[in-house]
Structures are given as structure tokens and as C-alpha cells.
Amino acid sequence: MPVQQAQSKWEGTLKQGKGVMQYGDVTGPFTFASRFEHGPGTNPEQLLGAAHSGCFSMFLSALLSEQGFVPSITTTAKVHLGEDDGPKITKIELLSSVSADGLTDDVLQVHGATAKQRCPVSRLFAGTEITLSLTLA
Numbered sequence: 037m038p039v040q041q042a043q044s045k046w047e048g049t050l051k052q053g054k055g056v057m058q059y060g061d062v063t064g065p066f067t068f069a070s071r072f073e074h075g076p077g078t079n080p081e082q083l084l085g086a087a088h089s090g091c092f093s094m095f096l097s098a099l100l101s102e103q104g105f106v107p108s109i110t111t112t113a114k115v116h117l118g119e120d121d122g123p124k125i126t127k128i129e130l131l132s133s134v135s136a137d138g139l140t141d142d143v144l145q146v147h148g149a150t151a152k153q154r155c156p157v158s159r160l161f162a163g164t165e166i167t168l169s170l171t172l173a
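So for the sequence shown, the numbering used here puts the first residue at 37; every next one is plus one.
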């Protein structure tokens with residue numbers, strides 16, 4: 037398996053400084069306001085949410101494809117940043133909608149639970165509460 041990488045650069049103090057994250061072809065500016073308030077730009081939690089939603093969707097697609105389904109999956113990850121002796125990711129909510137000809141809700145729920153537990157990003161967050169709301173579209 038390949039080793040993936042991303043990088044960031046931060047300049048200045050925590051509250052007045054600014055940074056840039058780069059991963060693949062994407063560059064995203066971030067600041068104190070974009071992370072802890074509602075300022076413009078991105079933040080590490082959004083990057084983690086994108087990674088988790090993509091990882092879950094791909095893992096679920098693999099499981100459903102093995103059963104002969106050709107799914108369309110849309111997943112949102114809501115990453116909650118809270119406090120526990122400093123900032124900590126306290127919860128991730130995965131909200132996913134799936135459609136595929138012939139797919140039943142029972143089959144979807146079984147494979148969705150497996151994908152939530154076994155996708156690599158979920159495993160990375162083993163100490164964090166991860167919830168899943170899965171709907172058949």
C-alpha cells in the first residue's frame with residue numbers, strides 16, 4: 037500500500053496567525069477563527085471529516101459490490117470538537133444515504149455497521165464515539 041502525505045505551514049501567533057494545509061491537489065487556508073469560531077477557511081476537523089466520509093463510503097461500496105449491488109453513496113461526517121484537558125474530537129456523526137437497485141434496508145444496515153467499524157479512518161478514531169445514521173434512498 038502507498039504511503040500518503042499531507043503538509044501544513046503555520047505562521048504567527050495562535051489567534052492572529054494563519055496557515056495553509058496541502059493534500060493532493062487541494063490547498064486550504066486556516067486560521068484560529070476558521071477552527072474555533074465561524075471564520076472563513078477550513079480546519080483540520082473538516083479535513084478529518086472529509087477523510088472519514090470518503091473512507092466509510094468506499095468501504096461500504098466494497099461490501100455492497102461484493103453482494104452484486106452497484107451503489108450510489110452520499111456521506112456527511114460531522115466532527116465535534118470539544119474539551120477534555122484541551123481541545124479533543126469527542127464525536128463523529130456519519131450521515132449516509134445509499135441507493136442501489138434491489139438493495140433492502142436490512143442488508144444496508146448490516147453492511148453499514150461493518151463499514152463503520154472497519155474502515156481505516158474509523159479504526160483510527162477507536163477511542164472516539166462514532167454514530168451512524170443510514171438511510172436507503
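Ideal placement from N, C-alpha and C gives every residue a C-beta, glycine not left out.
Would DSSP call residue i helix, strand or coil?
| i | result |
| --- | --- |
| residue 81 | helix |
| residue 74 | coil |
| residue 146 | helix |
| residue 174 | Shown here, the chain extends from 37 to 173; a query on residue 174 therefore has no answer. |
| residue 87 | helix |
| residue 66 | strand |
Anyone know if the C-beta pair for residue i and residue j falls short of 7 Å?
| i | j | result |
| --- | --- | --- |
| residue 67 | residue 77 | yes |
| residue 112 | residue 93 | no |
| residue 168 | residue 130 | yes |
| residue 57 | residue 70 | no |
| residue 117 | residue 81 | yes |
Around the C-beta of residue i, are 16 or more other C-beta atoms found within 10 angstroms, so that it is buried, or is it exposed?
| i | result |
| --- | --- |
| residue 50 | exposed |
| residue 122 | exposed |
| residue 108 | exposed |
According to DSSP, residue i sits in a beta bridge with which residue or residues?
| i | result |
| --- | --- |
| residue 165 | 127 |
### Query
Between the stretch 98-105 and the stretch 142-162, are three or more C-beta pairs nearer than 8 Å?
yes
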